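These notes are about the structure you will find just below.
In my numbering, the protein residues as written are 873 to 998.
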């Protein structure tokens, strides 16, 4: 599904920019703990850029399966909730953002679970 390639490209651009900004623009401004939080957001966003590409590829290979497109939407949701909340937490120090982060983690888990489910199901049909 080309939508997931677009999401991956946009997120790839953003994560590289945010990674560089964290390494060069925020050093000395944020605490070590906040920089660690920022770096965790960058890391998980980049992992899930790859997951979006995987979802797109699987959608192409198995167009009849809804599992792979749903996983792509969950990965995108997870990026916004998980990484987005960590970026905001790192920049603002507002601890309420930390309550959003696990929702993004759950979206990631369900996305990966749907990849497993879709693959197992597609193998049982062949």
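The beta carbon of each residue, even a glycine, is placed where N, CA and C say it ideally should be. Since the model is a prediction, treat every value here as computed from it, not as a measurement.
Anticipated Cβ contact below 8 Å, residue i with residue j, distance rounded
i           : j           : result
residue 950 : residue 979 : 4 Å
residue 975 : residue 947 : Wrong, their Cβ atoms sit about 14 Å apart, outside the cutoff.
residue 987 : residue 933 : Actually they do not touch by this definition, with Cβ atoms about 12 Å apart.
Outcome for residue i when other beta-carbon atoms lying within 10 angstroms are tallied against a minimum of 16
i           : result
residue 985 : exposed
residue 971 : exposed
residue 885 : exposed
residue 880 : buried
residue 964 : exposed
Close beta carbons around residue i, own chain, < 7 Å, minus the five adjacent residues each side
i           : result
residue 914 : 887, 890, 891 and 894
residue 917 : 883, 887, 951 and 955
residue 920 : 947, 950, 951 and 980
residue 983 : 923, 943, 946, 947 and 950
Cut-off 6 Å between Cβ atoms - residues of its own chain near residue i, not counting five sequence neighbours on either side
i           : result
residue 876 : 924, 927, 928 and 944
residue 990 : 937, 939 and 940
residue 977 : 954
residue 899 : none
Reference residue i, options the options, closest by Cα
i           : options               : result
residue 911 : 969, 977, 922 and 958 : 958
residue 961 : 989, 901, 898 and 906 : 906
residue 909 : 896, 922 and 973      : 973
Span of the alpha helix (DSSP H), counted from its first residue to its last, around residue i
i           : result
residue 974 : 973-997
residue 899 : Counting along the chain, residue 899 falls outside any alpha helix (DSSP H), and DSSP gives it neither H nor E.
residue 958 : 956-964
residue 877 : 874-892
residue 940 : 939-950
8 Å Cβ shell around residue i - same chain, five flanking residues per side excluded
i            : result
residue 993  : 937 and 939
residue 1003 : Look at the range of the chain in this structure, 873 to 998, and you will see that residue 1003 is not part of it.
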